[in-house]
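Reading through the structure tokens given below for one structure.
Chains as they are written, first to last, in the numbering used here: chain A, 655 to 853; chain B, 24 to 218; chain C, 303 to 511.
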């Protein structure tokens, strides 16, 4: 029974409550780092790490929180883990760290993380918070990768920097620019609307 | 005279050429969320301008008097977000006391300024661009706020007119807003390379 | 008075404890990874500069304090590195230079020969130019770019950007990337700002043969 509930929490993050496609949260990184798959994946994994750590810590100290100091506590927790993630990337993935630049520290102000801390972790037991973080993080990462795959394929004809399109393919430079991000995500959301309208 | 020119160029640069919303994707949440009506968009823009000026200046001072001289760069993100959270709290109290109707209409978005990426983003860019004078940092902070207000007001103006347009059902709401935003960034790309 | 202090402590002890705990956590992580982060920056420079000066096996700073040169009325510190071969002879000089590109700053690693007379080329350390246009300055000679090779062997002095010409001719005329004139100009301007002042400063320090 409990297992079933956890499973439900996890899948909710993937589709039903997908942070990007359904809740429209955390749009900055979604648009900014999806020009190629590799940075998008790195960003997604960093978000999963930060989200999981912050949800676990917040869930552990939920009884100690005072209502008016709550947000302060959340930001403190989140920024600590973001700094750790940033240091890790700078030490072990210097290329990715340079490519993502200020968007890694900007995870601090990603609404998904503070939103989950507020809506889920500060009310739920440890296991539920953990699974919720993993589900939401996975949903975020998958969306990011889907968007990045479309953009990288169309703007350079490559996936993960490996050429996959035939030689006659003419790259659409616009897909790598800001406009490509906005329009692709807009069309993706329209697609989601189309699917959910029918069911 | 020379400094004045540099500052003016920096200001125009951050308002138009390197507009944080349209070229760096910062502050997208309020940009899509509060741009329904032009008066609310303008109010939001003013609140953000105030906070970003305060936060940009304060974080620059903290960065250059404490963090860099004592090599405490590891604490940078923590300090920045704390300063921003404090500044937002200040604005919230001020607006609630003196402009209650505005406070009502902002609703959830006022505390959400804390999580507006444009503000933390600017503070980080001030550090990344190695801005070395206080006045330069202040000008860039104000410019970032003005740029945000400009972008969100243009968007709100378009969306007010969009209500009259016949948008396909699946494109209504967020999708059409995103596509509009995309076209707007295309327009702003025309300014790139101007400076 | 005492009651008030007690109230504050009651309200905020979690915050205090958490702040100390998180601070310690950060300090430990930072201490553990800092050497690696610094090493990464050095490695990246050495890798790029090593491609430009294939004979150099290591790089060391030419002066203990970075040299300062005057660019547009501002004094800019430049850490000029000496490229040394296995026998310890100087085979060239390499340094990082910064210019303003189309969208953002461009950082280049540039190298010149031992006499500071001809360029050994450049590589892009970081740039944020338009994908598909301005970012063509990043294409290295190995990847078939025509822009970067033009600098290999070009004289140290004033370079000019031209729209048409033969990129195979190595001289002070650099042929621009079509569609990316601003980015091409930015690279040329960066070289013009750094090269001559740097040569004069190095000569004044008595470091040039």
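Backbone N, C-alpha and C fix where the C-beta goes; we use that ideal spot for every residue, glycine too.
- Closest option to residue 782(A), judged by alpha-carbon separation, among 819(A), 848(A), 762(A) and 709(A): 709(A).
- Inclusion of residue 417(C) and residue 396(C) in the CB contact set at 8 Å is not warranted, their separation being larger than that value.
- Collapsing the DSSP output to three states places residue 368(C) in coil.
- When the five nearest sequence neighbours on each side are left out, the beta carbons in the same chain lying within less than 7 Å of the beta carbon of residue 160(B) are those of 79, 80, 83, 149 and 154, in order along the chain.
- Residue 90(B) has its alpha-carbon roughly 20 Å from the corresponding atom of residue 739(A).
- Under the 8 Å Cβ criterion, the segment 667 to 685 of chain A counts as touching the segment 791 to 805 of chain A, having at least three qualifying pairs.
- Against chain C, the CB of residue 98(B) has a partner CB under 8 Å away; the residue lies at that interface.
- Under the DSSP definition of a beta bridge, residue 425(C) partners with 411(C).
- Counted as a single uninterrupted DSSP element, the beta strand (DSSP E) harbouring residue 396(C) occupies residues 392 to 402.
- Per DSSP, the continuous beta strand (DSSP E) segment holding residue 476(C) begins and ends at 475 to 477.
- 25(B) is the residue among 25(B), 93(B), 136(B) and 164(B) whose C-alpha sits nearest the C-alpha of residue 374(C).
- Put simply, the CB of residue 139(B) is near chain A, with a gap under 8 Å to one of its CB atoms.
- Following the DSSP letters along the chain, one finds residue 324(C) inside the alpha helix (DSSP H) bounded by residues 304 to 354.
- Residue 385(C): member of the beta strand (DSSP E) spanning 383 to 386, first to last residue.
- Judged by pairs of C-beta atoms under 8 Å, the segment 134 to 146 of chain B touches the segment 109 to 117 of chain B, as three or more such pairs exist.
- Using a Cβ-Cβ cut-off of 8 Å, residue 304(C) does not count as an interface residue toward chain B, since no Cβ of chain B sits closer than that to its own.
- Judged by DSSP in its simplified three-state form, residue 481(C) adopts coil rather than helix or strand.
- Selection 409(C), 346(C), 440(C) and 458(C) evaluated against residue 361(C) yields 346(C) as nearest (Cα-Cα).
- In the DSSP assignment, residue 736(A) falls within the unbroken alpha helix (DSSP H) covering 724 to 746.
- With respect to the 8 Å criterion, residue 188(B) and residue 55(B) are not classified as neighbours on the basis of their beta carbons.
- Beta bridge pairing from DSSP links residue 360(C) with 386(C).
- Annotation for residue 787(A): 705, 706 and 709 place their beta carbon closer than 6 Å to its own, counting only its chain and skipping 5 residues before and after.
- Nearest CB-CB separation between residue 86(B) and chain C: not below the 8 Å threshold.
- Taking 8 Å as the cut-off between beta carbons, the residues of the segment 753 to 775 of chain A near chain B are 755, 756, 759, 760, 762, 763, 764, 765 and 768, in sequence order.
- Within the segment 337 to 368 of chain C, the residues whose Cβ lies closer than 7 Å to some Cβ of chain A are 338, 339, 342 and 346, listed in chain order.
- At a Cβ-Cβ threshold of 8 Å, residue 761(A) and residue 700(A) count as neighbours.
- DSSP lists 372(C) as the beta-bridge partner residues of residue 377(C).
- Residue 463(C): member of the beta strand (DSSP E) spanning 462 to 464, first to last residue.
- Under the three-state reduction of DSSP output, residue 108(B) falls in the helix class.
- Checking the DSSP bridge columns, you'll see residue 813(A) partnered with 816(A).
- By DSSP's assignment, residue 454(C) forms a beta bridge with 422(C).
- Taking all protein chains in view, the Cβ of residue 326(C) is surrounded by fewer than 16 other Cβ atoms within 10 Å, so the residue is classified as exposed.
- Runs of the alpha helix (DSSP H) spanning 4 or more residues and lying entirely within the segment 759 to 785 of chain A occur at 765 to 770, in chain order.
- Residue-level contact check: residue 328(C) touches chain B, since one or more beta carbons of chain B fall below 8 Å from its beta carbon.
- Close to chain C, meaning a Cβ-Cβ distance shorter than 9 Å, are the following residues of the segment 25 to 41 of chain B: 25, 40 and 41.
- By the neighbour-count criterion, in which 16 or more other beta carbons inside 10 Å mark a residue as buried, residue 462(C) falls on the exposed side.
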